[in-house]
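The opening position of the sequence shown corresponds to residue 12 in this note's numbering, with each subsequent residue numbered one higher.
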Amino acid sequence: MKETLFALLLEDAPRDAELLREFLIDEGYDVRLDIVECERDYVERITNGKYNIIYADFTLPGFTGQEALNYSLKICPDTPFICISGTIGEDRAVELVKLGATDYVLKNRMERLSFVTRRALDASRHLEKFRKSEIEAKTNRNLLQAVINNALDPIYIKDTDGKYLLFNTAAERLTGKKKADIIGKNDFAVLNSKDAQKITEDDRRVFDGNSPISYEESLLFDDGKVHFFHTIKYPIYDEQGNLTGLSGISRDITEKKFIEEELVRAKEKAEEGDRLKSAFLQNISHEIRTPMNAIIGFSRLLKDPDTDREKSVAYAEIISNSSEQLLSIITDIISISTIEAGQERVVIKPCDIGDIFEALNTKLSLLAKKKGLTFNSEISLPVDGRKILSDNNKITRILVNIIGNAIKFTKKGHVKYGCQLQGAMLEFYVEDTGVGISEEKFEDIFKRFRQANTDIAGNYGGSGLGLTIAKAYVSLLGGKIWLKSVMEKGTTFFFTIPYEQSPVSVESQAVKISNAKLMTVSNVSILIAEDEESNYLLLKEFLKDYDINLIWARNGEEAINICRDRKEIFLVIMDIKMPVIDGLRATRDIKRLRPELPVIAYTAYSSDADVKKAMSCGCCGFMSKPISKDQLCKIVMEHLRG
Ligand code: ADP
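Structure follows, in structure tokens:
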């Protein structure tokens with residue numbers, strides 16, 4: 012197929028123009044030739060047309076070939092410009108070539124035209140190709156640059172001396188260094204010398220092995236943070252295959268590592284939680300079964316007609332102690348659940364540190380004495396400074412748990428506790444000369460189900476809840492708890508609570524029941540609303556020394572009716588969970604009928620929320636089951652006196 016040649020010819024001699032066309036046709040071109048004769052037409056054509064080649068006669072009337080060349084260099088510099096000359100001679104034509112013409116042909120040697128044309132077209136094609144590839148290369152370069160600089164991962168290129176040739180924006184961002192300060196320098200300019208040395212060794216592995224490497228590394232940056240990376244480095248070569256350096260990409264996996272570690276920690280924690288739970292269940296089972304065993308066994312023995320009076324008293328004492336033990340473990344479990352459910356509340360009211368210590372001494376000194384321990388307490392506060400605003404029950408419970416442990420973990424020596432003022436805080440301490448706790452367990456022992464070592468459960472029993480409860484209560488009260496201890500020498504626990512003196516005097520809690528007993532009571536009736544006969548019989552037994560008429564209601568409905576009909580009733584003891592109508596509703600109805608009649612809630616529900624609920628229904632007191640004879644008599648006497 013013939014090659015189409017779009018050519019423009021500047022020529023005022025039609026014969027010469029025809030000659031040129033014929034030469035080109037002879038040469039095998041499909042010639043599309045536009046012929047112009049003047050400057051205006053020439054400029055118009057090269058501006059609007061698209062030609063493969065321009066031929067220009069050198070001398071035209073009022074327009075020279077040189078001027079034509081200037082126009083073409085300006086308007087279409089890539090189109091080959093061939094000067095056709097008959098008069099100017101070769102020297103002048105050569106000069107034109109020097110000024111930018113592609114070539115020339117003398118009119119008396121037109122046979123050169125085909126060679127000149129071919130050569131000019133080839134050169135033009137090459138130039139076009141070169142331009143295209145140059146544009147393509149530039150586009151690719153820009154694209155690559157954009158990809159590298161917009162990449163989220165640090166990308167870099169180094170020469171074989173470890174000097175940076177490329178350092179992308181992500182690398183700048185991460186290291187806090189500017190590319191301009193890094194290019195031409197090695198890693199010692201970017202990182203601390205230890206990490207830089209390590210990286211240099213890794214780079215060496217790439218150069219020596221002539222192969223890519225992929226590994227995880229951690230690097231410390233100037234901001235003091237350690238980052239983890241997954242890094243891939245591979246060697247780069249020049250066109251002759253010589254190693255020129257390496258290219259690397261380092262993905263920051265710090266977050267991923269952190270999540271992985273968190274997962275591992277969570278898994279370990281869950282496993283540990285499982286282990287602790289199983290250990291706890293085992294302990295609890297042991298802690299419940301041991302007193303239960305005593306309670307069941309000795310109760311049966313009590314029924315035995317062969318058991319004499321002395322033995323009966325001893326057995327009853329064992330049953331009573333075992334029951335206390337059982338109750339304490341159940342109370343601990345319930346407390347932990349309410350603490351963990353965020354339902355534990357502090358009830359701030361006036362309380363007397365002296366009363367709290369007295370009650371503790373009564374409760375615990377016997378236990379210490381039984382083990383042959385010296386048991387002391389001291390209050391380093393003036394008597395009128397002992398009445399404070401705080402939560403009596405919680406302070407008592409914290410001290411019971413810590414002192415209980417001190418007695419439990421001490422074989423000989425003493426247990427001593429006390430309190431003193433430290434600035435705005437009241438600081439308590441419990442000191443023992445027991446087994447001690449190793450320092451690495453100081454934090455752990457406050458976590459639930461934790462015991463200082465695995466032998467503890469076997470040797471001393473316990474649920475691992477006491478200190479958890481103590482710590483939670485201390486923090487609810489606004490204080491802190493800590494300890495010091497020396498193994499085999501002893502331990503001292505400390506805790507603080509805010510010290511706020513009570514503006515009102517506290518009614519003494521330590522009302523001696525023996526005094527109350529002396530009071531004579533006659534001709535009064537108390538209603539006991541209780542669906543469990545055994546519980547009613549127990550209260551009846553507890554109150555048998557008083558001349559009180561007890562009336563029994565088996566449910567809430569009966570209680571309401573009796574209170575309405577029998578005006579001699581002066582006090583109601585109300586179980587909360589009862590059939591037909593529960594104790595809370597019954598209390599509300601009774602208070603509507605007889606607002607002056609005191610109702611005391613008597614229930615196995617014992618949380619602060621339960622107390623609040625009972626009070627809001629009209630109860631004026633709260634007794635939680637199990638109750639002792641002394642406690643019951645004290646409450647009844649208080650109401651009698653009232
Ligand atoms: P536990 O029911 O096991 O006593 P705690 O939470 O009260 O549970 O105590 C946790 C652990 O702390 C105990 O098992 C024991 O290892 C250690 N501990 C607490 N108090 C003392 C103490 N006074 N002397 C030695 N070890 C103690």
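Every residue, glycine too, gets a C-beta built ideally from N, C-alpha and C.
Check                                                                                                                                                                                     : Outcome
Leaving out the 5 sequence neighbours to the left and right, which residues in its chain are closer than 6 angstroms to residue 537 when beta-carbon positions are compared?              : 559, 561 and 582
Let me confirm a value: residue 60 is counted as buried when at least 16 other C-beta atoms fall within 10 Å, else exposed. Which label applies?                                          : exposed
Could you give the uninterrupted runs of the beta strand (DSSP E) lying entirely in the segment 185–260, keeping only those of 3 residues or more?                                        : 224–231 and 237–248
Under 7 angstroms: does the beta carbon of residue 429 sit that close to some heavy atom of ligand 1?                                                                                     : no
For the segment 252–267 against the segment 227–241, are there 3 or more C-beta pairs whose distance is under 8 angstroms?                                                                : yes
Report the start-end ranges of each alpha helix (DSSP H) in the segment 391–448 that is 4 residues or longer and not cut off at the edges.                                                : 403–419
Nearest-angstrom Cα distance between residue 456 and residue 588?                                                                                                                         : 37 angstroms
Comparing alpha-carbon positions, which option in 507, 579, 476 and 310 lies nearest residue 334?                                                                                         : 310
Mind the definition here: the segment 298–305 touches the segment 486–494 only if three or more C-beta pairs lie below 8 angstroms; say whether that holds.                               : no
Taking C-beta to C-beta, are residue 49 and residue 74 nearer than 8 angstroms?                                                                                                           : yes
With respect to the alpha helix (DSSP H) encompassing residue 303, which residues constitute its N-terminal and C-terminal limits?                                                        : 265–314
Starting from residue 1, trace the alpha helix (DSSP H) in both directions and tell me its first and last residue.                                                                        : Any property of residue 1 remains undetermined from this structure, which presents the chain solely from 12 to 653.
Where does residue 650 fall in DSSP's three states?                                                                                                                                       : helix
Does the segment 135–144 come into contact with the segment 159–169, if we say contact requires no fewer than three beta-carbon pairs (one atom in each stretch) closer than 8 angstroms? : no
Considering only the alpha carbon of each residue, which of 192, 419, 246 and 182 lies closest to residue 213?                                                                            : 246
Near residue 30, what residues of its chain come up, given a Cβ to Cβ distance below 7 angstroms and the 5 sequence neighbours on each side ignored?                                      : 121
Could you give the DSSP three-state label for residue 477: helix, strand or coil?                                                                                                         : helix
Buried or exposed for residue 648, please, with buried defined as at least 16 other CB atoms from any protein chain shown within 10 angstroms of its CB.                                  : buried
Since I believe residue 580 is in contact with residue 656 (beta carbons under 8 angstroms), could you give me their beta-carbon distance rounded to a whole number of angstroms?         : Here the chain covers residues 12 to 653 and nothing more, so residue 656 does not appear.
Which residue or residues does DSSP assign as beta-bridge partners of residue 632?                                                                                                        : 611
Shorter than 7 angstroms, the distance from the beta carbon of residue 446 to the closest heavy atom of ligand 1, or not?                                                                 : yes
Checking the sheet assignment: what are the DSSP bridge partners for residue 58?                                                                                                          : In DSSP, residue 58 forms no bridge with anything.
Can you grab the Cα-Cα spacing for the pair residue 253 / residue 168, in whole Å?                                                                                                        : 16 angstroms
Between the Cα of residue 544 and those of 624, 223 and 566, spot the shortest distance and give me the residue it belongs to.                                                            : 566
Does DSSP put residue 118 in a helix, in a strand, or in coil?                                                                                                                            : helix
I'd like the span of the beta strand (DSSP E) that includes residue 21, first residue to last.                                                                                            : 14–21
Would you call the CB atoms of residue 504 and residue 413 closer than 8 angstroms?                                                                                                       : yes
Closest to residue 628 by C-alpha separation, out of 197, 20 and 597, would be which residue?                                                                                             : 597
Check each candidate in 491, 445 and 481 and name the one with the smallest Cα separation from residue 500.                                                                               : 445
Around the Cβ of residue 552, are there at least 16 other Cβ atoms within 10 angstroms (buried) or fewer (exposed)?                                                                       : exposed
Between the segment 346–365 and the segment 394–410, do three or more beta carbon pairs fall short of 8 angstroms?                                                                        : yes
What does the alpha-carbon distance come out to for the pair residue 38 and residue 153?                                                                                                  : 44 angstroms
Mind checking whether residue 19 and residue 41 have CB atoms under 8 angstroms apart?                                                                                                    : no
Answer yes or no: the CB of residue 456 versus the heavy atoms of ligand 1, is any distance below 7 angstroms?                                                                            : yes
Is residue 67 helix, strand or coil when you go by DSSP?                                                                                                                                  : strand
Is it the case that the CB of residue 667 approaches a heavy atom of ligand 1 more closely than 7 angstroms?                                                                              : Residue coverage of the chain in this structure runs from 12 to 653, which leaves residue 667 outside it and unanswerable.
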